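Trainee:
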Amino acid sequence: MKYNSTNWLNIKSYPQCLLLYTWNLDSPFLPLLSKFKTNHRTPNLPPPGPWKLPVLGNLHQIVGSLPHLELRDLAKKYGPLMLLQLGQVHTIVVSSQQVAKEEVRTHDVFFASRLHVQTPQILSYNYGDIIFSPNRESWKQLGRISVSELLSTKRVQSFRSKREEEVNNLINWISSKGGSAINFIEKVYSLMYGITSRAAFGRRNLENKKRFSFMEETIRVSF
Numbered sequence: 415m416k417y418n419s420t421n422w423l424n425i426k427s428y429p430q431c432l433l434l435y436t437w438n439l440d441s442p443f444l445p446l447l448s449k450f451k452t453n454h455r456t457p458n459l460p461p462p463g464p465w466k467l468p469v470l471g472n473l474h475q476i477v478g479s480l481p482h483l484e485l486r487d488l489a490k491k492y493g494p495l496m497l498l499q500l501g502q503v504h505t506i507v508v509s510s511q512q513v514a515k516e517e518v519r520t521h522d523v524f525f526a527s528r529l530h531v532q533t534p535q536i537l538s539y540n541y542g543d544i545i546f547s548p549n550r551e552s553w554k555q556l557g558r559i560s561v562s563e564l565l566s567t568k569r570v571q572s573f574r575s576k577r578e579e580e581v582n583n584l585i586n587w588i589s590s591k592g593g594s595a596i597n598f599i600e601k602v603y604s605l606m607y608g609i610t611s612r613a614a615f616g617r618r619n620l621e622n623k624k625r626f627s628f629m630e631e632t633i634r635v636s637f
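The sequence shown begins at 415 in my numbering and counts up one residue at a time.
1) State the CB to CB distance for the pair V508 and E517, rounded to an integer number of angstroms; the pair is presumed to be in contact (CB under 8 Å).
2) Mind reading off the beta-carbon distance from M496 to P468? Whole number of angstroms is fine, and I expect it under 8 Å.
3) In angstroms with no decimal places, state the Cα-to-Cα distance between K515 and I559.
4) Between the alpha carbons of Q430 and G592, how many angstroms are there, rounded?
5) Taking 7 Å as the limit between beta carbons, can you name the residues of its chain near L697, skipping five residues before and five after?
6) Buried or exposed: I545, going by 16 or more other Cβ atoms within 10 Å of its Cβ?
7) Suppose contacts are defined by Cβ-Cβ distances below 7 Å. Is K576 in contact with R612 by that definition?
8) What's the C-alpha gap between N582 and A489?
9) Go through the stretch 570-630 residue by residue and report every complete run of the alpha helix (DSSP H) that reaches 4 residues or more, in order.
10) Less than 8 Å between the CB atoms is what I'm expecting for E580 and G608, so what's the real figure, rounded?
11) What residue range does the alpha helix (DSSP H) around V561 cover?
12) Can you grab the Cα-Cα spacing for the pair L556 / R550, in whole Å?
13) Assign Q535 to buried or exposed, taking buried as 16 or more other Cβ atoms, counted over all protein chains shown, within 10 Å of its Cβ.
14) Who are the near neighbours of S547 in its chain, counting only those whose CB is closer than 6 Å to its CB and skipping five residues on each side?
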């Protein structure tokens with residue numbers, strides 16, 4: 415399938431889509447969740463895609479140990495812009511740098527919001543956080559605050575010693591285990607907790623760790 419800019423008209427006329435794109439076909443896929451609306455009155459054909467099963471859609475074609483390879487194989491057949499159906503969710507799969515650039519830069523306004531899901535709506539007090547907030551003025555304000563107060567070079571550098579200490583602790587712990595099996599995922603979560611807790615509260619403590627574990631479990635169950 416040859417890509418051209420008119421394909422975006424097809425996407426924008428297809429309501430409630432989930433956008434999934436990969437920076438290259440041989441790397442693990444990176445999801446970008448977006449919900450968008452359109453005012454186009456003339457219907458357009460959706461992007462091409464494989465056949466679908468009732469209820470499941472295309473889940474049976476990508477569920478496996480290496481889903482990014484399944485997406486790679488499907489993209490070879492249907493092109494860098496294709497439509498999948500994951501259960502009841504229509505999903506646009508973008509698998510080339512050119513098309514990803516179109517989405518991220520040229521047509522970013524159409525993909526700036528998130529899907530409306532009940533669980534994050536409840537947890538974030540009606541999408542009041544920066545992650546699930548729709549593309550509106552409050553979200554832009556949160557973004558500006560984050561850039562100036564959390565992500566500025568000065569602020570990031572102020573936490574450098576804490577990050578390095580937590581990473582060194584992880585490396586030393588792995589070295590102490592020799593060649594024995596370890597639960598690396600658990601230690602990565604612990605590393606995330608350590609960095610986040612020390613940046614937010616100044617230190618690690620049991621109470622904050624319990625809260626972090628609760629948040630982790632909430633996210634796991636929700637999604």
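Virtual Cβ for every residue (Gly too), placed ideally from N, Cα, C. Small disclaimer: the values here were computed from a predicted structure and weren't measured.
Mentor: Judging by the given coordinates:
1) One-based indexing of the sequence shown puts residue 508 at position 94. One-based indexing of the sequence shown puts residue 517 at position 103. Their Cβ separation, rounded to whole angstroms, is 6 Å, which keeps V508 and E517 in contact under 8 Å.
2) Mapped onto the sequence shown, residue 496 falls at position 82. Mapped onto the sequence shown, residue 468 falls at position 54. That belief does not hold up - the Cβ atoms of M496 and P468 are roughly 20 Å apart, past 8 Å.
3) Residue 515 sits at position 101 when you count from the first residue of the sequence shown. Residue 559 sits at position 145 when you count from the first residue of the sequence shown. One C-alpha to the other measures close to 26 Å.
4) Counted from its first residue, the sequence shown places residue 430 at position 16. Counted from its first residue, the sequence shown places residue 592 at position 178. For Q430, the predicted model reports a pLDDT of 40, less than 50, meaning its position is unreliable; a value from the coordinates is still stated below. CA-to-CA, the gap between Q430 and G592 works out to about 50 Å.
5) Summary: the structure shown does not reach residue 697, with the chain confined to residues 415 through 637, and so no result is reported for it.
6) If you number the sequence shown from 1, residue 545 lands on position 131. So I545 counts as exposed.
7) Mapped onto the sequence shown, residue 576 falls at position 162. Mapped onto the sequence shown, residue 612 falls at position 198. Their beta carbons are under 7 Å apart, which means K576 touches R612 by this criterion.
8) Indexing the sequence shown from 1 puts residue 582 at position 168. Indexing the sequence shown from 1 puts residue 489 at position 75. For N582 and A489, the distance between alpha carbons rounds to 41 Å.
9) Within the stretch 570-630, the complete alpha helix (DSSP H) runs of at least 4 residues are 574-590, 598-615.
10) On the sequence shown, position 166 is the one that residue 580 refers to. On the sequence shown, position 194 is the one that residue 608 refers to. Rounded, the Cβ-Cβ distance is 4 Å, consistent with contact.
11) Walking along the sequence shown from the start, residue 561 turns up at place 147. Per DSSP, V561 belongs to the alpha helix (DSSP H) from 551-563.
12) Within the sequence shown, the letter at position 142 stands for residue 556. Within the sequence shown, the letter at position 136 stands for residue 550. One C-alpha to the other measures close to 10 Å.
13) For the purposes of this step, residue 535 is taken as residue 121 along the sequence shown, with counting starting at 1. With fewer than 16 other Cβ atoms within 10 Å, it is exposed.
14) Numbered from its first residue, the sequence shown carries residue 547 at position 133. For S547, where only same-chain residues beyond five positions count, the Cβ hits under 6 Å are Y541, W553.
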